[in-house]
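Quick note on numbering: full-length UniProt numbering labels position 315 of the sequence shown as 315, and the sequence is numbered without any gaps. What follows is a short report on a single structure.
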Amino acid sequence: MERLPVFVRLRPTEAVQAVKKSKNCVVIEDECEFEASGILDNASQDETFKVVGRPLVEATLRGISSTLLAYGGIGSGKTYSLYGGKVNHERGIIPRALEMIVQKMGSAQIQVSAYEVRSTDHIVDLLTPGPIDLVTCTVGGQLRDISSFPLKDGQSVRDIMKLIETNRTINSHQMTSITILQHDEAAGETIKSQLLFVDLASAGRNSVVSRQLSLLEHVVVTLGCKRGTRVPYRECRLTHTLQASLSSETNTALLCTLQPDKKLLSEALATIRFASRASKMPISREVRDRAPDPFLKVSELNKEIETLKRELSVQSLLTRGKSTMGIEPLNANQIAEAQRQVEEYLAGGQYPDVISNRQLCAVFTAFKQVLAKVTEEMKPKGAPTPVEDTKGNKSAKTSTKVTRPASRASVKSRLSGRNSGKNKNDVDDKPETPTPKSKRGDKGKNDKKEALDKKGSAIKVAPQAESTLSDEIEKDAGADEYPEPPEKQVSYKMFREGEGRVVVRLLRDAEIQAINLEKVSQEQAEIYNARIKVRNELKRKDRNTPDEVLPDGRPVITEDKLADILKLKSLKQELTDAEKKFHVSKSKAEYCRDQARKIAERVVIEFAEWEKRTFGLPATSSPAQE
1 MERLPVFVRL RPTEAVQAVK KSKNCVVIED ECEFEASGIL DNASQDETFK VVGRPLVEAT
61 LRGISSTLLA YGGIGSGKTY SLYGGKVNHE RGIIPRALEM IVQKMGSAQI QVSAYEVRST
121 DHIVDLLTPG PIDLVTCTVG GQLRDISSFP LKDGQSVRDI MKLIETNRTI NSHQMTSITI
181 LQHDEAAGET IKSQLLFVDL ASAGRNSVVS RQLSLLEHVV VTLGCKRGTR VPYRECRLTH
241 TLQASLSSET NTALLCTLQP DKKLLSEALA TIRFASRASK MPISREVRDR APDPFLKVSE
301 LNKEIETLKR ELSVQSLLTR GKSTMGIEPL NANQIAEAQR QVEEYLAGGQ YPDVISNRQL
361 CAVFTAFKQV LAKVTEEMKP KGAPTPVEDT KGNKSAKTST KVTRPASRAS VKSRLSGRNS
421 GKNKNDVDDK PETPTPKSKR GDKGKNDKKE ALDKKGSAIK VAPQAESTLS DEIEKDAGAD
481 EYPEPPEKQV SYKMFREGEG RVVVRLLRDA EIQAINLEKV SQEQAEIYNA RIKVRNELKR
541 KDRNTPDEVL PDGRPVITED KLADILKLKS LKQELTDAEK KFHVSKSKAE YCRDQARKIA
601 ERVVIEFAEW EKRTFGLPAT SSPAQE
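Written as structure tokens, this is what we have:
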């Protein structure tokens with residue numbers, strides 16, 4: 001982990017010097033040495049900015065929050081190093097940093113604020129003209145009710161510096177904050193960084209300022225310790241406002257200014273001592289404050305909305321503006337409409353108009369009914385029909401109840417023949433007569449041979465066949481009873497794997513969710529009961545323990561009793577939380593159980609309707625109800 005860099009600037013003087021430069025060390029009275037990251041002896045303002053200020057500005061532009069602390073005695077040159085003089089070439093680190101940011105800002109948004117912590121321990125805004133505007137420091141050192149000026153060009157830099165010079169006072173700690181907000185369009189993020197310049201006041205004879213600097217030094221020493229110790233940021237306003245800047249997540253640097261005069265040796269030693277302790281503080285040079293760019297996010301959401309609108313318009317065109325149906329069962333009219341569309345399609349019409357899962361199931365059911373009738377008509381009249389029992393074994397039984405149409409192709413030809421307008425004279429008016437058992441096989445073979453010879457020609461039907469195919473399907477469906485309908489378990493399995501698979505899956509999911517929530521409710525009840533048991537034991541112990549009384553009659557609370565009282569207090573809150581969680585989980589479980597019951601009733605109704613429609617049987621209870 002990197003440590004805080006310390007730069008030392010020596011003020012030129014004609015007096016006898018007690019502080020001298022020796023390579024990268026500062027030597028005091030030829031005895032005490034301090035190694036620094038850089039020593040500026042007789043350096044200009046431009047050189048000072050290049051060594052100290054430029055690296056911090058470049059790091060801030062890359063998204064790394066940085067801080068520069070200026071510490072020194074009275075007249076050592078720390079304020080001159082930061083703010084500069086009246087001549088242009090004497091500009092300090094702060095105006096040069098603002099000018100550099102303006103040149104390299106690009107599309108970034110820059111806000112500048114300035115404030116000071118006075119000897120009265122009040123925070124004052126320096127960019128607000130007029131009466132004193134006090135600023136509030138909140139949790140984490142964040143400032144509230146502080147003004148900020150946008151930084152746009154060189155003129156705004158001069159205006160900001162003029163306001164700061166006019167409003168700042170002596171014996172106060174001045175701070176200038178520069179906030180940079182950059183938009184990274186490639187990564188879709190916003191990077192926020194802050195550059196803070198702190199001009200710490202000199203202690204001198206002001207006891208309040210001396211106390212503030214002493215507390216700041218205490219914070220610096222605590223941050224430099226390896227063991228995890230609580231940092232006393234909230235001891236004064238100065239350390240509280242610098243909480244975010246002094247943390248290990250900030251790129252911090254220290255500029256110490258020394259006046260090497262022998263008469264000011266004590267101030268130089270105090271400054272070197274502070275620098276030595278601050279050099280042990282850890283710093284970070286990583287980008288911390290990244291967040292998704294809200295403007296890019298809004299742009300992406302708008303594009304997604306436009307895409308969804310286009311898809312919705314296409315879907316509306318495909319469905320001809322009809323609203324799709326949900327998972328509710330179809331009524332009789334919708335089933336009849338699906339059968340009518342299947343009849344038209346088999347007669348050479350358009351595809352069925354399917355816009356929901358239920359309609360698709362109804363269309364397939366209609367196709368299945370037509371296919372079953374055609375398949376049965378293709379069989380010989382006396383051929384045995386395999387019937388599957390409850391165990392899955394097939395047995396041959398002769399069907400005597402159902403007479404089915406000839407073939408699927410004949411159905412289509414029948415529809416086409418009827419639609420082409422044939423005369424009634426072409427139709428055989430003789431009704432069908434039952435064939436004796438002994439001749440059914442031969443008659444079936446002759447019928448089959450005759451159907452093969454005709455190769456798709458129209459089959460003669462009775463006059464009743466002039467009605468629509470839907471009437472014939474409904475009529476045959478009523479008489480199409482299975483010789484031996486399967487047991488309830490088998491029929492329910494057919495329903496569950498076919499038309500009712502959606503609603504059965506909903507029932508299963510609701511049951512699982514209800515069971516899980518009931519388990520959670522049971523666990524919360526057990527926790528609540530355990531807390532009550534502990535509370536009752538503590539109360540019983542308190543009643544059985546006699547109270548100690550002083551000679552003057554005042555009761556005495558022992559440490560054990562005090563611990564029991566504190567435990568009872570915490571148990572009270574735990575009981576309240578446990579009871580609340582129990583009632584919430586119980587309400588959720590009851591709601592899910594009620595929903596499962598409603599879905600089960602719906603399964604029973606749909607299964608009964610499906611069973612009646614498929615097997616021609618009266619509606620009865622299903623295995624789901626059982």
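Each residue gets a CB set at the ideal place from its N, CA and C atoms; glycine is no exception. Quantities reported herein were computed from a predicted structural model and do not represent experimental measurements.
How big is the Cα-Cα spacing for residue i and residue j?
i	j	result
Glu189	Tyr80	38 angstroms
Glu343	Gln524	60 angstroms
His532	Leu575	In the sequence as displayed, the identity of residue 532 is Ile instead of His. Each residue's alpha carbon lies about 7 angstroms from the other.
Asn206	Gln45	29 angstroms
Ser266	Cys32	13 angstroms
Ile74	Asn171	10 angstroms
Leu301	Val135	38 angstroms
Gly92	Ser299	42 angstroms
Val6	Lys280	10 angstroms
Val604	Ala332	18 angstroms
Gln259	Glu165	24 angstroms
Asp564	Asn536	12 angstroms
Ala70	Phe582	59 angstroms
Leu538	Ala530	13 angstroms
Thr60	Arg508	58 angstroms
Lys561	Pro551	20 angstroms
Gln350	Phe367	15 angstroms
Lys541	Lys569	15 angstroms
When you compare the CB positions of residue i and residue j, do they come within less than 8 angstroms of one another, or not?
i	j	result
Thr239	Ser284	no
Leu126	Leu68	no
residue 678	Gly72	For the chain, the structure presents residues 1 to 626; residue 678 sits outside this window and is missing.
Val219	Leu246	yes
Asp199	Gln174	yes
Ser66	Val112	no
Leu254	Leu571	no
Ala596	Ala510	yes
Arg11	Gly53	no
Let me see if you follow: with CB-CB separation under 8 angstroms, is residue i close to chain D or not?
i	result
Lys539	The structure shown contains no chain D, having only a single protein chain.
Please classify residue i: is it buried, with 16 or more other beta-carbons within 10 angstroms of its beta-carbon, or exposed?
i	result
Tyr115	buried
Tyr83	buried
Asn167	buried
Phe197	buried
Lys78	buried
Gly63	buried
Leu566	exposed
Pro546	exposed
Gln341	buried
Lys373	buried
Ser491	buried
Pro232	exposed
Asp261	buried
Pro555	exposed
Gly85	exposed
Taking DSSP as the reference, what is the three-state secondary structure of residue i?
i	result
Thr433	Residue placement at Thr433 is poorly supported in this model, since its pLDDT is 40, which falls under 50; the coordinates still yield a value, given next. Of the three classes helix, strand and coil, the one that applies to Thr433 here is coil, per DSSP.
Thr468	Confidence at Thr468 is low in this model, with a pLDDT of 43, below 50, so the placement of that residue is unreliable and no value is reported for it.
Tyr591	helix
Leu242	coil
residue 627	Absent from the model: residue 627. The displayed extent of the chain is 1 to 626, so no value can be given.
Tyr80	helix
Thr257	strand
Met175	strand
Asp153	coil
Gly38	strand
Cys361	helix
His89	helix
Ile28	strand
Going along the chain, which residues of its own chain have a beta-carbon closer than 7 angstroms to the beta-carbon of residue i, five neighbours each way excluded?
i	result
Leu360	Val354
Asn24	Glu35, Ala36 and Ile39
Leu517	Ser585, Lys588, Ala589 and Cys592
Glu217	Phe274 and Arg277
Arg602	Val503
Tell me which residues share the same chain as residue i and place their Cβ nearer than 6 angstroms to its Cβ, disregarding the 5 neighbours each side in the sequence.
i	result
Glu2	Ile283
Ser621	Because the pLDDT of Ser621 is 47, which lies under 50, any placement of that residue in the model is unreliable, and the question is left without a value.
Met100	Val57
Thr128	Ser147
Less than 8 angstroms between C-beta atoms, sequence neighbours within five positions excluded: which residues of the same chain meet that for residue i?
i	result
Gln464	The pLDDT assigned to Gln464 is 40, lower than 50, so where the model puts this residue is not dependable; a value taken from the coordinates is nonetheless given after this. Cβ within range, chain order: n/a, list empty.
Is it the case that the CB of residue i approaches a heavy atom of the ligand MG more closely than 7 angstroms?
i	result
Val57	No copy of the ligand MG occurs in the structure displayed, which carries no ligand at all.
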